[in-house]
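Residues 38 to 554 in my numbering are what the sequence shown lists, from first letter to last.
Virtual Cβ for every residue (Gly too), placed ideally from N, Cα, C.
Here the structure is a predicted model, which is why all the values come from computation and not from measurement.
Working notes, beginning with the structure itself.
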Amino acid sequence: MSDAHPIRSRRPGLSVGARIIAGVVLAAIGALGAWLQYDAPGRSAEPRTEFTANNPPAGLPTALTTGQHLHWSSCTAPSTARTGYDCATMKAPLDYRKPEGRTIDVALIRRKATGPNARRIGSLVLNFGGPGVSGVSGLPERLNQYEPLLDRYDLVSFDPRGVGATIPVRCGKTADDTGYDGADACAEHSGALLPYIGTSHTASDLDLMRYLLGDERLHYFGVSYGTALGAVYAHMYPSHVGRLVLEASVDPTEDLDEEQVSQVKAVQAAFDRFAAYCAARIRHCPTGDGPEEAARRMARLADRLAKKPAPAGAGRNLDADDLAYAVSDHLDLGTDGWAPLAKALTALIDHNDGRPLRKGADDIGSADRAATPSDVSRAAQTAITCADSSLRPGFERLDRDEARVKAASPVFGAAWSTGVYLCYDWPFDGERATLQVNADGAAPVLVVGGTGDPITPYSGARHMARALGDGVGVLLTAEEEGHGTYPQNRCVTGTVDRYLRTGRTPAPGTVCRGSMS
């Protein structure tokens, strides 16, 4: 399940076929020898942790559990983590179905708790979404959002499989190589990894991490796609669930194509609310007198940019798809993004100046197609999504699904419709059509959903809380615009922090008022 914008792609070409599975994977195993190891983890002179867990993951060799210590030392990268952070490497099986075989290195980062050990609850493991977002880079960037929790927790994050320093997936040299038509390149560069980077394997990494951090139960905060990872963990290891927060939840009941339709409808609804606000509150509103006129103006603008992209500074251009993604990025920010969006659209419509919208299109823009991506997050997004999803549609369904997405949104449908091709002709099978998240017997899990979320619609949070099981999923509703409500909404922040500190969940039906109240 992916919470990011659909990856830009073209119509499918010839099948990658069995030649990739049979030949390229064997070659890739040799090429990736630096990442895959048979060596047992070495012992560290430093104790594993101040705390010790007595419930190691079942079925793993002792070299990876009781024989493995996390050796924390100063971080050398990223530069933002060189002060105040510790880094470590955890060895884990490449394939949990063959735990005695090859191992991989999982990169971890930690910010130690500031409170006394007597008050420390344990480690709070954070995943910031994607899939494809680096936790090693992400924790220093987002520390201010979670810093108040340092009085009770070590804050820990990690690079999930396929991301950053943990067996990174590479699909070629340019941004377009990470779409469905880059399946050949993904198999060529990372074929040995692709069957082992799905969410269930990463959930098993989480359980090994929990043990090595010294916690009997996992305390976890997952955002957006991170909610899928947390929910799958709860399904696989219900007795090891501690305090789990799933914020801006994905919908476990939808397959990949249903998710595309729900998301594009939510983005369109958020844009319509922006257009109504703009018409009522902003003088010379660039989108006109309301949502219907806004859709017409955006269609004319997209047609203009499709014919001739607008200059966006630094040698970059802004085309019709970039426009849709950049507008969506502003909507992700909630009402804080509305005034800047109005100004940016005015500059684009009146002066053909794409620079104000450039930031939102930086990772997707047409001028980037010949450039080497700054990271591998989009490659990881594709690979993890396709490892999870068993959906491999044929041409007839592709055409039907593309039409459904386009029809669902006059402003965003054309750009989002390319997402239906994401896993077309992927060279390996995915696990299942939808997530398995039932976690009967687990401790209560707090699910947070915003009613105006344009990326993970509120219905996903409702469905997630229900799917986790009676007495497990607890829904907290926030009447807020934007993708994610923590820590922006004080009520949400107070409720979540109280749960993480005490284990107390809010009463059923609790609603936090906000920008949509």
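Please list, in chain order, all residues of the same chain as residue i whose beta carbon is under 7 Å from its beta carbon, the five residues on each side excluded.
i, result
"Arg85", "Residue confidence is low: Arg85 scores 37 on pLDDT, short of 50, so the model does not pin down where it sits. No coordinate-derived value is stated."
"Gly374", "His367, Leu368"
"Lys425", "Checking the sequence, you will find Asp at residue 425 rather than Lys. Excluding residues within five positions, the ones whose Cβ falls inside 7 Å are Met38, Gly235, Thr236, Gly467, Glu468."
"Thr99", "none"
What's the gap between the Cα of residue i and the Cα of residue j?
i, j, result
"Ala220", "Thr117", "34 Å"
"Asp466", "Arg429", "8 Å"
"Leu459", "Asp188", "42 Å"
"Tyr362", "Ile141", "35 Å"
"Thr547", "Gly279", "21 Å"
"Ala65", "Arg320", "For Ala65, the predicted model reports a pLDDT of 41, less than 50, meaning its position is unreliable and no value from the coordinates is stated."
"Arg56", "Asp462", "No answer about Arg56 holds up, because its pLDDT of 31 lies below 50 and its placement is not dependable."
"Gly478", "His272", "10 Å"
"Ser160", "Gln525", "23 Å"
"Cys223", "Leu243", "25 Å"
"Phe449", "Pro377", "19 Å"
"Ser111", "Ile146", "10 Å"
"Met335", "Leu360", "9 Å"
"Thr89", "Thr102", "12 Å"
"Arg555", "Asn475", "Because the chain is modelled from 38 through 554, residue 555 falls outside the range shown and cannot be assessed."
"Pro543", "Phe308", "31 Å"
"Ala332", "Ser286", "28 Å"
Figure out for me which residue from the options has the closest Cα to the Cα of residue i.
i, options, result
"Gln473", "His238, Gly96, Ala265, Tyr183", "Ala265"
"Pro138", "Lys128, Ala416, Thr239, Arg147", "With the sequence shown as reference, residue 138 is identified as Gly, and Pro is not the correct amino acid for it. Closest option to Gly138, Cα to Cα, is Lys128."
"Ala357", "Leu342, Leu370, Asp366, Ser365", "Leu342"
"Glu284", "Ala444, Val301, Arg353, Ala515", "Ala515"
"Ile421", "His388, Arg469, Trp453", "Arg469"
"Ser552", "Cys528, His388, Leu537", "Cys528"
"Asp191", "Gly519, Pro346, His256", "His256"
"Tyr536", "Gly371, Asn92, Leu513", "Leu513"
"Leu281", "Ser299, Asp534, Gly209", "Asp534"
"Val442", "Arg134, Ser454, Asp436, Thr471", "Ser454"
"Ala557", "Val364, Ser276, Pro346", "Residue coverage of the chain in this structure runs from 38 to 554, which leaves residue 557 outside it and unanswerable."
With DSSP as the reference, label residue i as helix, strand or coil.
i, result
"Cys528", "helix"
"Ile146", "strand"
"Ala285", "coil"
"Val278", "strand"
"Asp405", "The pLDDT assigned to Asp405 is 35, lower than 50, so where the model puts this residue is not dependable; a value taken from the coordinates is nonetheless given after this. In this structure, Asp405 counts as helix in the three-state DSSP scheme."
"His106", "coil"
"Glu178", "helix"
"Asp123", "strand"
"Val170", "coil"
"Ile421", "helix"
"Gly558", "What is shown of the chain runs 38 to 554, which leaves residue 558 out entirely."
"Ser411", "Below a pLDDT of 50, predicted positions are generally treated as unreliable, and Ser411, at 44, falls in that range; the measurement from the model is reported next regardless. Reduced to three states, the DSSP call for Ser411 is coil."
Take residue i and list the residues in its own chain whose beta-carbon comes closer than 8 Å to its own, dropping the five residues that flank it on each side.
i, result
"Gly327", "Ala312, Ala313, Ala316"
"Leu180", "Arg148, Leu192"
Keeping to the same chain, check which residues put their C-beta closer than 6 Å to that of residue i; ignore five residues upstream and five downstream.
i, result
"Leu97", "Pro136"
"His500", "Asp288, Thr290"
"Ala303", "Pro491, Pro494"
"Tyr262", "Asp40, Gly166, Gly167, Pro168"
"Ser241", "Tyr133"
Give a single yes or no on whether residue i has its beta carbon closer than 8 Å to a heavy atom of the ligand HEM.
i, result
"Arg156", "Within the structure as shown, the ligand HEM is missing, as the structure has no ligands at all."
Below 8 Å, how does it come out for the segment 477 to 489 and the segment 321 to 336: are there three or more Cβ pairs, yes or no? Under the three-pair Cβ rule at 8 Å, the segment 477 to 489 does not count as touching the segment 321 to 336.
Okay, do the segment 518 to 533 and the segment 337 to 351 touch, 3+ Cβ pairs below 8 Å being the bar? Segments in contact, no.
Would the segment 380 to 397 and the segment 198 to 207 be scored as touching if the rule is three or more Cβ pairs under 8 Å? In short, these stretches do not touch, since the Cβ pair count stays below three.
Answer yes if the segment 433 to 449 comes into contact with the segment 344 to 358, meaning at least three C-beta pairs across the two stretches below 8 Å, and no otherwise. No contact exists between the segment 344 to 358 and the segment 433 to 449.
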